[in-house]
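S.K.:
Residue numbers (this note's numbering): 2 to 301.
1. Do the CB positions of residue 173 and residue 146 come within less than 8 Å of each other?
2. What does DSSP give as the partner residues of residue 101 in its beta bridges?
3. Measuring CB atoms only, is the region 32-46 touching the region 202-210, in the sense that at least three cross pairs come out at less than 8 Å?
4. Answer yes if the region 184-198 comes into contact with the region 25-32, meaning at least three C-beta pairs across the two stretches below 8 Å, and no otherwise.
5. With burial defined as no fewer than 16 other Cβ atoms inside 10 Å of the residue's Cβ, what is the status of residue 237: buried or exposed?
6. Using a Cβ-Cβ cutoff of less than 8 Å, which residues in the same chain neighbour residue 272 once the five nearest sequence positions on both sides are dropped?
7. Between which residues of its own chain and residue 58 is the CB-CB distance below 6 Å, once the five residues before and five after are set aside?
8. By how many angstroms is the C-alpha of residue 283 removed from the C-alpha of residue 159?
9. Are the beta-carbon atoms belonging to residue 199 and residue 170 less than 8 Å from one another?
10. Tell me, to the nearest whole angstrom, how far the beta carbon of residue 258 is from that of residue 281; I am working on the premise that it is less than 8 Å.
11. Within the present structure, is the beta-carbon of residue 284 separated from the nearest heavy atom of the ligand PLP by less than 7 Å?
12. Just to confirm my understanding: we take residue 299, look at its own chain, exclude 5 residues before and 5 after, and list those with CB closer than 6 Å. What are they?
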């Protein structure tokens, strides 16, 4: 409720991120408009009032398209893919009674992301760019650093810095990007908070995303985001069924490079995030493989 936050701000409370920033970010269509106005690369998009707008988008860009809710869309909820004209009506029915927009589907090579922090003095630190691997529109795996060249790492971090300077945000932000098959970076969305893509920082970086958030909002100098290991893989532990949670895993892993986090949720649901596994080491392929083995031995 940004109006309530503004009332608190008027009474003298410090609100981070600011209510004005939250107003922009919590509506994904307004977020896209803001980014486009500041020449940040985003996939082509249009506001949708009905079938005619989706048909116009198809004429402009062709299929496939993605129909998206402007608010309360996350982990694949609030999205509907449109591969052909016959998909339009079911997509509208799925997202009925919501404010919508439609977006061109890009030809993707990878989905990328990073954490970035800014304090009141305008000091900014960026974390390494990571690769996110999705299934069912939910992030399953985070690989750090992303297996991309240095030039792309730097370009992605540069775009993130521009965004935060335009927003004037204070705190920590998770920013997701698309890398298309032509090697171009597109910004997907911004989350003004600690983010699932940054959980690897707890063990793998000199400063975790949570510590950095506290430093940012108390206007302390921001500290190093350097990785402590050459490679890290994080795998989300997602619910496999609906019912009471009963986590079980072997405890014979090396405590120096395998870290299992269970969030303590009493109820599990299919695809609900119940925890995560982080594995650190020297080789990205090996830590990813090891993380998969740990996940296979765990039930929730």
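Just so you know, even glycine gets a beta-carbon here, dropped at the ideal spot from N, CA and C.
M.R.: With the given structure in hand:
1. Position 172 of the chain shown, counting from 1, holds the residue named residue 173. Position 145 of the chain shown, counting from 1, holds the residue named residue 146. The answer is no: Cβ separation not under 8 Å.
2. Here residue 101 is taken as the residue at index 100 of the chain shown, counted from 1. BP columns for residue 101 point to 49, 70.
3. Output reads no: the region 202-210 does not touch the region 32-46.
4. When Cβ pairs closer than 8 Å are counted between the two stretches, the region 25-32 is seen to touch the region 184-198, the count reaching three or more.
5. For the purposes of this step, residue 237 is taken as residue 236 along the chain shown, with counting starting at 1. Its Cβ being crowded by 16 or more others within 10 Å, residue 237 is buried.
6. Here residue 272 refers to the residue found at position 271 when the chain shown is read from its first residue. Listed in chain order, the non-local C-beta contacts of residue 272 below 8 Å within the same chain comprise 76, 137, 139, 239, 240, local neighbours out to five positions each way being set aside.
7. Sequence index remark: in the chain shown, residue 58 carries index 57 (1-based). Contacts found: 47, 66, 103.
8. What you label residue 159 is simply residue 158 of the chain shown in a count that begins at 1. What you label residue 283 is simply residue 282 of the chain shown in a count that begins at 1. Each residue's alpha carbon lies about 27 Å from the other.
9. For this step, residue 199 is matched to residue 198 along the chain shown. For this step, residue 170 is matched to residue 169 along the chain shown. Cβ atoms of residue 199 and residue 170: not closer than 8 Å.
10. Here residue 258 corresponds to residue number 257 of the chain shown, with the count starting at 1. Here residue 281 corresponds to residue number 280 of the chain shown, with the count starting at 1. So it is a contact: roughly 5 Å between Cβ atoms.
11. This structure lacks the ligand PLP; in fact it carries no ligand of any kind.
12. In the chain shown, counting from the first residue as 1, residue 299 sits at position 298. Within the same chain, Cβ atoms closer than 6 Å to the Cβ of residue 299 are found at 250, the five residues on either side in sequence being excluded.
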